[in-house]
Amino acid sequence: MDTAMAATLIAGLATGTGRLLIVWLRERAAVQRMRVSEQGLCNRVRGLPAGSRFCERRADRREIVIEVGPRPEEGGAHE
């Protein structure tokens with residue numbers, strides 16, 4: 032194997048590894064952003080009284096609707 036071929040192979044491997052690392056870091060950051068978003072959602076819902084309804088539209092245009100427990104006059108298991 033001559034020097035030019037070895038250098039080309041090493042450069043190709045380095046480039047491939049670098050691209051793989053970038054993709055992995057982007058996906059990891061996306062997961063972390065989602066976790067922070069979900070934690071914020073949980074904190075907002077936790078402060079709502081029973082019988083409340085919480086609607087949120089996400090950046091990807093999905094809508095999340097959460098109903099917090101039964102209303103006290105409905106006689107649910109929650110007090």
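Converting from the sequence shown to my numbering requires adding 31 to each position, the first position being numbered 1. Positions of the beta carbon are idealized from the N, C-alpha and C atoms, including for glycine. The structure displayed is predicted, hence computed values, not measured ones.
Cβ-Cβ separation, residue j to residue i (assumed contact under 8 Å), whole Å
i, j, result
"E58", "L72", "Going by Cβ atoms, the distance from E58 to L72 rounds to 21 Å, so no, they are not a contact pair."
Span of the beta strand (DSSP E), counted from its first residue to its last, around residue i
i, result
"R93", "Careful: R93 lies outside any beta strand (DSSP E) and carries neither H nor E."
Limits of the alpha helix (DSSP H) - the one that residue i falls within
i, result
"G78", "Here G78 belongs to no alpha helix (DSSP H), and DSSP marks it neither H nor E."
Exposure label - residue i; buried when at least 16 CB within 10 Å
i, result
"G47", "exposed"
Inter-stretch contact (C-beta, 8 Å, three-pair minimum) for the stretch 92-99 and the stretch 70-84: yes
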